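Undergrad:
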Ligand SMILES: Cc1cc2nc3c(=O)[nH]c(=O)nc-3n(C[C@H](O)[C@H](O)[C@H](O)COP(=O)(O)O)c2cc1C
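In UniProt numbering, the protein residues as written are 1 to 211.
Structural data, given as structure tokens:
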């Protein structure tokens, strides 16, 4: 009797929370799992110990530590993203070849796992660090790469910003005259970071969805 009841309960749970698998264009299966305890907002960043880490901590403090969780991507599997309805991904730019081949950036190691999950119904905001003096032709390209990846996984991008006030020659992070997220230059414009973050948070926070 007990056995039947437990089996029945399991079947009801399965019906309520089905694990949906869909295939992408290459025929890979994407895990699209809405966890029962979905949380509101997660900050995911890498690498640790430098500019990206400092900016991630600034974001967390400004949003309020109780409202947001923060993870370095070195420490969690990509499936952790699925715990959050909304996420802020913070990255730097180290050149496309670095990300795709040399794997010096931990995000590069995260990408193959990320490609196996679906971010449909998730809201993603991007913060990209770069250097507009040394790399004017590739300013915050990493953020452009990240935008391509997450939109390909079904995410809705929020927090796009105007290019006004930025000096650069070219960037893959600019689409339809807007940056796909918030660019920051801690190398040559650190004095602008605080105000840029404040303005961006005022805009992006209302764009996040409730759980
Ligand atoms: C090898 C290398 C390549 C870089 N390539 C770019 C680039 O293509 N575009 C850009 O805007 N910044 C580039 N940068 C600048 C970094 O993105 C920037 O310094 C960032 O703040 C570093 O963050 P971190 O201290 O967390 O590593 C590069 C830096 C290094 C060391």
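Even glycine gets a Cβ: it sits at the ideal position worked out from N, Cα and C. Values in this document were obtained by computation on a predicted structure and should not be read as measured data.
(1) Can you look up residue 47 in the DSSP assignment and give me helix, strand or coil?
(2) Any idea what DSSP makes of residue 135, helix, strand or coil?
(3) Would you report the Cα separation of residue 131 and residue 89, rounded to the nearest angstrom?
(4) For ligand 1, is there a heavy atom less than 7 Å away from the beta-carbon of residue 129?
(5) Please give the ranges of any beta strand (DSSP E) in the region 157-190, keeping only runs that are unbroken, at least 3 residues long and fully inside the region.
(6) Tell me the rounded alpha-carbon separation between residue 78 and residue 170.
(7) Would the region 105-122 and the region 190-202 be scored as touching if the rule is three or more Cβ pairs under 8 Å?
(8) Could you round the C-beta distance between residue 49 and residue 87 to whole angstroms and report it? I think they count as a contact, below 8 Å.
(9) Who are the Cβ neighbours of residue 110 in its own chain at under 6 Å, not counting the five residues just before and after it?
(10) Can you check DSSP and say which residues form a bridge with residue 87?
(11) Residues in the same chain with beta-carbon distance under 8 Å from residue 155, minus the five sequence neighbours each way, listed in chain order, please.
(12) Does the Cβ of residue 221 have 16 or more other Cβ atoms within 10 Å, making it buried, or fewer, making it exposed?
(13) Would residue 51 and residue 93 qualify as a contact pair, given that the criterion is a beta-carbon distance under 8 Å?
(14) Just the Cα atoms here: how many angstroms apart are residue 57 and residue 161?
(15) Classify residue 81: buried if its beta carbon has 16 or more other beta carbons within 10 angstroms, exposed otherwise.
(16) Could you tell me how far apart the beta carbons of residue 144 and residue 173 are, in whole angstroms, since I believe they sit closer than 8 Å?
(17) Using a threshold of 7 Å, is the CB atom of residue 74 nearer than that to any non-hydrogen atom of ligand 2?
(18) Return yes when the Cβ of residue 127 is within less than 8 Å of the Cβ of residue 55, no when it is not.
(19) Under 7 Å Cβ to Cβ from residue 188, same chain only, skipping five residues before and after it: list those, please.
(20) Name, in chain order, the residues that DSSP records as bridge partners for residue 92.
(21) May I ask which residues mark the beginning and end of the beta strand (DSSP E) holding residue 146?
TA: With the given structure in hand:
(1) Coil, per DSSP.
(2) The answer is coil: DSSP assigns residue 135 none of H, G, I, E or B.
(3) Inter-residue distance for residue 131 and residue 89 is about 18 Å (C-alpha atoms, whole angstroms).
(4) Residue 129 has its CB nearer than 7 Å to a heavy atom of ligand 1.
(5) Runs of beta strand (DSSP E) with 3 or more residues, each lying fully within the region 157-190, are found at 182-184, listed in chain order.
(6) Taking C-alpha positions only, residue 78 is separated from residue 170 by approximately 30 Å.
(7) Look at the beta carbons and you see the region 105-122 not touching the region 190-202: under three pairs across the two are nearer than 8 Å.
(8) Contact check for residue 49 and residue 87: beta-carbon distance about 21 Å, past the 8 Å limit, so the pair fails to qualify.
(9) Result list for residue 110: 73, 78, in chain order.
(10) In DSSP, residue 87 forms a bridge with 42, 124.
(11) Non-local C-beta neighbours of residue 155 in its own chain, meaning closer than 8 Å and more than five positions away in sequence, comprise 119, 120, 122, 123, 124, ordered along the chain.
(12) With the chain represented from 1 up to 211, any question about residue 221 goes unanswered, as that position is not in the structure.
(13) Between residue 51 and residue 93, the CB-CB gap reaches or exceeds 8 Å.
(14) Residue 57 and residue 161: Cα-Cα distance of roughly 21 Å.
(15) The residue in question, residue 81, is buried, as its Cβ has 16 or more Cβ neighbours within 10 Å.
(16) Going by Cβ atoms, the distance from residue 144 to residue 173 rounds to 4 Å, so yes, they are a contact pair.
(17) The ligand content of the structure shown is limited to ligand 1, which means ligand 2 is not among them.
(18) In this structure, residue 127 lies closer than 8 Å to residue 55 by Cβ.
(19) Close CB contacts of residue 188 within its chain, under the 7 Å cut and outside five residues either way in sequence, are with 131, 132, 133 (chain order).
(20) 129.
(21) Per DSSP, residue 146 lies in no beta strand (DSSP E); the unbroken alpha helix (DSSP H) holding it starts and ends at 141-152.
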